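**Student:**
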Amino acid sequence: MIQTLAFYIFASLVIASAVMVIMSRNPVHSVLWLIVAFFNAAGLMVLVGAEFIAMLLVIVYVGAVAVLFLFVVMMLDIDFAELRAGFVKNFPLGLAIALVLLAEMVMGLGAYKAGGMQLGTPDGTAAAAVGASNIKAIGALLYSKYLFLFESAGIILLVAMIGAIVLTHRQRGDTRGQVISRQVARRPEEATVNTQPEVGKGVQL
Amino acid sequence: MEFQASLALVAPELVLSLSGLALLLAAAWGGDKASRLISILAVAALVGAGFLAAPALCNGASGPDTLAFGGQVKVDAFAAFAKLLIYLAAAASLIVAPAFFERVKAMRAEYPVLVLFAAMGMGIMVSAADLVTLYIGLELNSLAAYVLAAFLRTDERSAEAGLKYFVLGALASGFLLYGMSLTYGFAGTTSFAGIHAALAGDMSKGALFGLVFVLSGLAFKISAAPFHMWTPDVYEGAPTPVTTFFASAPKVAAMALTMRVVVDAFGAQVQAWQQIVMIVALVSIVVGALGAIGQDNIKRLMAYSSINNVGFILIGLAAATQQGASAMLVYLAIYVAMTIGGFVAILMLKDANGEPVEQIAQIAGLSSHRKVLAVCLAMIMFSLAGIPPLFGFWGKFLVFQAAVQAGMVPLAAIGIAASVIGAFYYLKVVKVMYFDEPANVAVGKSDWAHQALLAICAIFISPLGYLLTGWLGGMADKAAAALYFVG
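Protein sequences, first through last, are from chains D and A. Residue numbering for the first sequence follows the numbering used here, starting at 8 and increasing by one per position. Residue numbering for the second sequence follows the numbering used here, starting at 39 and increasing by one per position.
Below you can see the structure in the form of structure tokens.
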């Protein structure tokens, strides 16, 4: 009962905030509505027992993707009123694409119901341990069966990082960097001088 | 116990990754001044990894003992053969790099580190026995390659090459992943052996789609037509040492990976992929031969030549026999020597100020002032064209023999006819070097490391190379037997 209730709350909030994403005039508000939609989708995932995906939605989509969107929206000077100007003109095209998508969905569902697809049966090598939560199950697989590939994927990320630094980092000659050792080694006596200026004469430095 | 055995099997990868990490630290502290030393150490690491990989080839290792990490990695003689070629090519591209980059003050300590990680990725690729392993190895290699292509970031052409390679490579990865997900959906497993078992008998339409997409993605990586568009631009724009690397090591890795996929995973559906491979091979040969004719930049010419050669190698795959696989491996070994020799010779073409010379018109009359270099370049061109008695002929001979024995006489006939067209542009380079008015542009001195490497490659592809046919053929036979091992 309470699950059904929660489902309807989350689902209607997802749809409502998704509508707000495209309806709101201010692009920053759109991004914020998108974040609301992601949070509610995460709630739906928890309801179906996929708490790992729920966590990913929050961490990756809210934490990284949406923030990235927000930065882009704020840093680029995009005139959204102008982007929206062609709405009426492009409406038939948009409608046609929507209809095609709808038809695809109906056909896909029909094919699924008709049972025409002979999909393969999982061989069970990657099956989760019985009773474990899915975070535990994924962790157990990543750190035992897929350890080699997991570590190799880590090397891929390292290579991506090296690449980003190699391609963008440059040493400029005209900047004055921080030399921490010199900073720490500096004593008050070297940096400050006590003088007793005469009245009306100013300080000789 | 099983875990330790797995670690022992992937020892070359461990050596490469650990030395890559250590050298990265050395690069962070030593700075670009230490790049020559780091390059030497990286070559040493590659040699070490090669020694760790070699025993599997000499023993002709195959079967369940070669499976590591629950069957995700297969370190058999076939993987070892490809790995040795890859490490050799990577070491060569490290040896030629410092002299080239130091002239433009762009030698960075990260170059050898990236090459090491790329070599590690290629090692994972050729020993893949699972779709996930395949993809991880491929991405590790590709990501390093994108960065290497754009390594001369102040040079517009290099940046363009990097960007082009990245965007098109990402697209190809998308193809590959789409095919892999379809294959997984219809086979229910990602392991090659599992796919082989699951798809035995009649292959469903969905799985066929998966196969086609996987092959398209792989064809991009080996730059086979019709997925070759990026090759001339990237080969021309990337710094020449990096082009040396691109044209040799990743070709071997992707080709070996393709063999693994079609034999290990789709070995029961030969009729499904044989036609695709045949058409790709023929189109590559023709596109490579015709496209090269109009080129005036020698690096672009070599790019089309590599497309052409990939076509010839694929004829061995189209034969779909163990003999064909063995012929492909011999061809790959000879191709690596010819390519490295060719690009080292191009690296040695410099004008009086040390600027690289890339236009074919500028090397006119090279024989009058750089006799040895002209002889070597001419030998490489003849060898690439497959003219006996040079060693390049032997590779072509073996793949055509395999095709004829598999009953594909028309395929072999078209291939031989197209190789005659291809000979035209190779001979054009030789003609420009020997019979045209000297342009006296390429007069610069070259580095001793380049000279040594060119000499080694030239001796290998010279008729003296035929002394190695028995040994090379034996090794390739062992590797091909491991690839086709059923047990």
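Note that CB positions come from ideal geometry on N, CA and C, so glycine has one too. Predicted, not measured: the structure shown is a model, and the values here were computed from it.
How is A/L313 classed by DSSP in three states: helix, strand or coil?
**Tutor:** One point to set straight first is that residue 313 of chain A is Gln, not Leu, in the sequence displayed. Note: A/Q313 maps to helix in three-state DSSP.
**Student:** Here's the rule I'm using: 16 or more other beta-carbon atoms within 10 Å means buried, otherwise exposed. How should D/L12 be labelled?
**Tutor:** Exposed, since its Cβ has fewer than 16 Cβ neighbours within 10 Å.
**Student:** Could you confirm whether any beta carbon from chain D is found closer than 8 angstroms to the beta carbon of A/Y184?
**Tutor:** Judged by the 8 angstroms Cβ criterion, A/Y184 is in contact with chain D.
**Student:** Using 8 angstroms as the Cβ pair cut-off and three pairs as the minimum, do the region 114 to 123 of chain A and the region 91 to 99 of chain A touch?
**Tutor:** Yes: the two stretches touch, three or more of their Cβ pairs being nearer than 8 angstroms.
**Student:** Quick one: which chain A residues come within Cβ less than 7 angstroms of D/K152?
**Tutor:** Within chain A, the residues near D/K152 are G108.
**Student:** If we define contact as Cβ-Cβ less than 8 angstroms, is A/T282 a contact residue for chain D?
**Tutor:** For A/T282, the answer is no, since every Cβ of chain D falls outside 8 angstroms of its Cβ.
**Student:** Taking just the CA atoms, how far does A/G217 sit from A/I124?
**Tutor:** Cα-Cα distance, rounded: 26 angstroms.
**Student:** Spatial neighbours of A/L367 within its chain, please: CB distance less than 7 angstroms, with the 5 preceding and 5 following residues excluded, ordered by chain position.
**Tutor:** Excluding positions up to five away in sequence, the list reads F119, A514, A517, A518.
**Student:** Which chain E residues sit within Cβ distance under 7 angstroms of A/S242?
**Tutor:** The structure shown contains no chain E; the protein chains it does contain are D and A.
**Student:** With 8 angstroms set as the bound, which would you pick, yes or no: does the beta-carbon of D/D181 sit closer than that to a beta-carbon of chain A?
**Tutor:** No, D/D181 does not count as interfacial toward chain A.
**Student:** Would A/A276 and A/F265 qualify as a contact pair, given that the criterion is a beta-carbon distance under 8 angstroms?
**Tutor:** It is not a contact, given that the beta carbons lie outside the stated cut-off.
**Student:** Does the beta-carbon of A/K388 have 16 or more other beta-carbons within 10 angstroms, so that it is buried, or is it exposed?
**Tutor:** Buried.
**Student:** Give the interface partners of D/L156 over in chain A, defined as CB-CB distance under 7 angstroms, in chain order.
**Tutor:** Ordered by position in chain A, the residues that pass the 7 angstroms Cβ test against D/L156 are Q110, V170, T171, I174.
**Student:** Here's the rule: buried if 16 or more other CB atoms are within 10 angstroms of the residue's CB, otherwise exposed. What is D/G209?
**Tutor:** The residue is exposed, with fewer than 16 neighbouring Cβ atoms inside 10 Å.
**Student:** May I ask you to list the residues that DSSP assigns as paired with A/P277?
**Tutor:** None, per the DSSP bridge assignment.
**Student:** Give me the residue from A/A208, A/D193, A/G380 with the minimum Cα distance to A/L491.
**Tutor:** Nearest of A/A208, A/D193, A/G380 to A/L491, Cα basis: A/G380.
**Student:** Taking only beta-carbon positions, decide if A/G226 is within less than 8 angstroms of chain D.
**Tutor:** Yes, contact with chain D.
**Student:** Buried or exposed: where does A/Q333 fall if 16 or more other Cβ atoms within 10 Å of its Cβ makes it buried?
**Tutor:** A/Q333 is buried by the Cβ-count criterion.
**Student:** Go to A/S364, then tell me how far its alpha helix (DSSP H) extends in each direction, as first and last residue.
**Tutor:** Counting along the chain, the alpha helix (DSSP H) containing A/S364 begins and ends at 360 to 386.
**Student:** Just grab the DSSP bridge partners of A/A106 for me.
**Tutor:** DSSP lists A/V111 as partners of A/A106.
**Student:** Per DSSP, what are the beta-bridge partners of A/N347 in this structure?
**Tutor:** In the DSSP output, where bridge partners are listed per residue, A/N347 has none listed.
**Student:** What are the boundary residues of the alpha helix (DSSP H) that A/I233 is part of?
**Tutor:** From DSSP, the alpha helix (DSSP H) with A/I233 extends over 230 to 236.
**Student:** If we ignore side chains and look at the alpha-carbon of each, how far apart do A/A72 and D/W40 end up?
**Tutor:** So the alpha carbons of these two residues sit roughly 52 angstroms apart.
**Student:** At which residues does the alpha helix (DSSP H) containing D/M82 begin and terminate?
**Tutor:** Segment 74 to 82, the alpha helix (DSSP H) holding D/M82.
**Student:** Out of A/L465, A/F230, A/V142, which one is the CA nearest neighbour of A/M297?
**Tutor:** Nearest of A/L465, A/F230, A/V142 to A/M297, Cα basis: A/F230.
**Student:** Output, in chain order, the set of chain D residues within a Cβ distance shorter than 7 angstroms of A/R191.
**Tutor:** L174, listed in chain order.
**Student:** So, at 7 angstroms on beta carbons, what are the nonlocal neighbours of D/V38 in its own chain, with the 5 sequence-adjacent residues on each side left out?
**Tutor:** Excluding residues within five positions, the ones whose Cβ falls inside 7 angstroms are A73, F76, L77, V80.
**Student:** Could you check whether the Cβ of D/G146 sits closer than 8 angstroms to any Cβ belonging to chain A?
**Tutor:** Chain A contact via Cβ: absent.
**Student:** For chain D, find out if any of its Cβ atoms is closer than 8 angstroms to the Cβ of A/L178; answer yes or no.
**Tutor:** True, the Cβ-Cβ gap to chain D drops below 8 angstroms.
**Student:** Would A/I454 pass as an interface residue toward chain D - the criterion being a Cβ-Cβ separation below 8 angstroms?
**Tutor:** No, A/I454 does not count as interfacial toward chain D.
**Student:** Among A/V467, A/V481, A/F429, A/F189, which has the Cα closest to the Cα of A/H13?
**Tutor:** Look at the range of chain A in this structure, 39 to 525, and you will see that residue 13 of chain A is not part of it.
**Student:** Sorted by chain position, which residues of the same chain lie with C-beta nearer than 6 angstroms to A/T104's C-beta, five sequence neighbours on each side aside?
**Tutor:** Same-chain partners within the cutoff: K112, V113, D114.
**Student:** Under a Cβ-count criterion, where at least 16 other Cβ atoms within 10 Å of its own Cβ denotes burial, should D/R99 be classed as buried or exposed?
**Tutor:** Looking at the sequence itself, residue 99 of chain D is Pro, so the reference to Arg does not match. By the 10 Å Cβ count, D/P99 comes out exposed.
**Student:** Is there a Cβ of chain D sitting closer than 8 angstroms to that of A/I353, yes or no?
**Tutor:** For A/I353, the answer is no, since every Cβ of chain D falls outside 8 angstroms of its Cβ.
**Student:** Could you give the first and the last residue of the continuous alpha helix (DSSP H) run that contains D/Q190?
**Tutor:** 187 to 192 is the extent of the alpha helix (DSSP H) around D/Q190.
**Student:** Report yes if the C-beta distance between A/G200 and A/L220 is below 8 angstroms; otherwise report no.
**Tutor:** No, these two residues do not count as a Cβ contact at 8 angstroms.
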